[in-house]
């Protein structure tokens, strides 16, 4: 029996201003889970934690800290 795999990152992105974060891609993950996919593995990619830098014109900013990105590896039996 063969299997199909998908990688779905769930992360935060700047929305509107440097101090407003919006959750991205959670709806896609929910849709796949409702469609018969299951979580095979979960990994975490570290966020900036206030130590990295990102560019927001015209300045370089260190805050707010970006939270980690959670990466879901999904699997489903191929038909």
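Numbering (my numbering), first residue to last: 59 to 137. For each residue, glycine too, the CB sits at the ideal point set by N, CA and C.
The DSSP-derived three-state label of residue 73 is strand.
Going by DSSP, residue 92 is part of the alpha helix (DSSP H) stretching over 84-92. DSSP places residue 64 in the strand class (E or B) of the three-state scheme. Taking the Cβ atoms as the reference, residue 66 lies roughly 5 Å from residue 87, within the contact range of under 8 Å. For residue 137, there is no enclosing beta strand (DSSP E), as DSSP gives it neither H nor E. With a 10 Å radius around the Cβ and a threshold of 16 neighbouring Cβ atoms, residue 81 comes out exposed.
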